[in-house]
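Student: Residues 67 to 281 in my numbering are what the sequence shown spells out, letter by letter.
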Amino acid sequence: MRLVLLGPPGAGKGTQAKRIADEYRVPHISTGDILRENLRAETPLGLEAKGFMDRGELVPDEVLVGIIRDRLGKPDCAGGFMLDGYPRTIPQATALGEILGEKGTPLDVVLNIDVPDEELVSRLSGRRMCECGASYHVQFNPPAVEGVCDACGGRLYQRDDDKEDAIRNRLQVYSDQTQPLIDFYSKESLLASVDGTGGIDEIFAAIKKILDAYK
Ligand code: ADP
Ligand code: AMP
67 MRLVLLGPPG
77 AGKGTQAKRI
87 ADEYRVPHIS
97 TGDILRENLR
107 AETPLGLEAK
117 GFMDRGELVP
127 DEVLVGIIRD
137 RLGKPDCAGG
147 FMLDGYPRTI
157 PQATALGEIL
167 GEKGTPLDVV
177 LNIDVPDEEL
187 VSRLSGRRMC
197 ECGASYHVQF
207 NPPAVEGVCD
217 ACGGRLYQRD
227 DDKEDAIRNR
237 LQVYSDQTQP
247 LIDFYSKESL
257 LASVDGTGGI
267 DEIFAAIKKI
277 LDAYK
């Protein structure tokens with residue numbers, strides 16, 4: 067299965083991606099996680115991306131296209147993959163089409179998780195992350211022990227860009243630059259949408275109904 071998860075920041079892409087990766091055995095490729103790993107390791111890529119990420123802006127397309135081209139070339143992607151957080155612009159989507167076209171392995175489906183803006187702000191401001199990529203919420207999805215990751219025992223932290231100013235900017239950037247992808251993929255007959263409000267398990271059940279067709 068070759069899958070893209072689409073949706074605004076806070077829609078629940080990362081949360082559902084963990085479950086999808088377990089159920090369908092596809093690697094979960096989050097460009098946000100890749101960039102944050104580079105930030106922590108202070109690589110040249112991380113240093114270049116830092117300012118954009120802190121302000122809630124997009125990192126330039128050519129940087130992201132390079133990351134995705136490399137990552138999709140790894141052996142674990144030969145049987146399929148799930149992209150989370152990429153593409154975020156029309157040029158990124160066009161580049162993805164070219165990369166996959168060269169390999170003769172087009173996308174199967176683009177799954178859009180639909181959540182209204184009012185709910186996104188409270189989801190993002192209460193989000194707590196682990197370096198392993200797991201994501202929690204202080205109220206809606208708390209870990210068993212406060213501040214500790216259920217999956218790996220790591221210490222949870224709040225992302226710098228989950229503060230109010232950056233959140234507002236990210237939602238605006240989403241609506242200006244990423245939302246047009248809904249139309250783009252709809253025209254390619256690749257788009258499937260799920261209602262991303264309601265419980266995490268309930269949403270996953272709706273996602274499974276769609277993805278079982280591509281097993
Ligand atoms: P994204 O990867 O799309 O930015 P996340 O998966 O990190 O979003 O989810 C954003 C926040 O919302 C997290 O704090 C997460 O625990 C919480 N969350 C995810 N799904 C739901 C849901 N269905 N209802 C309430 N909160 C949710
Ligand atoms: P995320 O973890 O998906 O919310 O991404 C966090 C931040 O990383 C974003 O606000 C951007 O600054 C950057 N980023 C992640 N993916 C992309 C992308 N595809 N294009 C540009 N910037 C990205």
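All C-beta atoms in this analysis are idealised placements derived from N, C-alpha and C, irrespective of residue type, glycine included.
Note that the structure is predicted; figures quoted are calculated from it, not measured.
Please work out which residues of its chain come closer than 6 Å, Cβ to Cβ, to G112, disregarding the five sequence neighbours upstream and downstream, and give them in chain order.
Tutor: N104, L105
Student: By a C-beta neighbour count over all protein chains shown, 10 Å radius and 16 as the cutoff for buried, is S201 buried or exposed?
Tutor: buried
Student: Residues in the same chain with beta-carbon distance under 7 Å from Y240, minus the five sequence neighbours each way, listed in chain order, please.
Tutor: P74, P75
Student: Using 6 Å as the cut-off, classify the Cβ of K169 as near or not near the heavy atoms of ligand 1, replying yes or no.
Tutor: no
Student: Since L256 and L173 should fall inside the 8 Å C-beta cutoff, what is the C-beta to C-beta distance between them, to a whole number of angstroms?
Tutor: With a Cβ gap of about 6 Å, L256 and L173 count as contacting.
Student: So what's F147 in DSSP terms, helix, strand or just coil?
Tutor: strand
Student: Could you give the first and the last residue of the continuous alpha helix (DSSP H) run that contains N207?
Tutor: First-last for N207: undefined, no H or E at that position.
Student: When burial is assigned at 16 or more other CB atoms within 10 Å of the CB, is R221 buried or exposed?
Tutor: exposed
Student: Using the rule of at least 16 other Cβ atoms within 10 Å of the residue's Cβ for burial, across every protein chain shown, is P153 buried or exposed?
Tutor: buried
Student: Count the other C-beta atoms from every protein chain shown that fall within 10 angstroms of the C-beta of R91, then say buried if there are 16 or more, exposed otherwise.
Tutor: Exposed, because fewer than 16 other Cβ atoms sit within 10 Å of the Cβ of R91.
Student: With a threshold of 7 Å on Cβ separation, who are the neighbours of P208 within its own chain once the five nearest residues in sequence on each side are excluded?
Tutor: Y202
Student: Could you please give the first and the last residue of the uninterrupted alpha helix (DSSP H) stretch that includes L130?
Tutor: 127-138
Student: Using C-beta distances below 8 Å, list every residue in its chain close to A232, excluding the 5 sequence neighbours before and after it, in chain order.
Tutor: If we look at A232 and ignore the five residues flanking it on each side, its Cβ neighbours are D120, R121, G122, D226.
Student: According to the Cβ coordinates, are Y280 and M148 closer than 7 Å?
Tutor: no
Student: Which residues in the same chain have their Cβ closer than 6 Å to the Cβ of T244, if we skip the five residues on either side of it in sequence?
Tutor: R154
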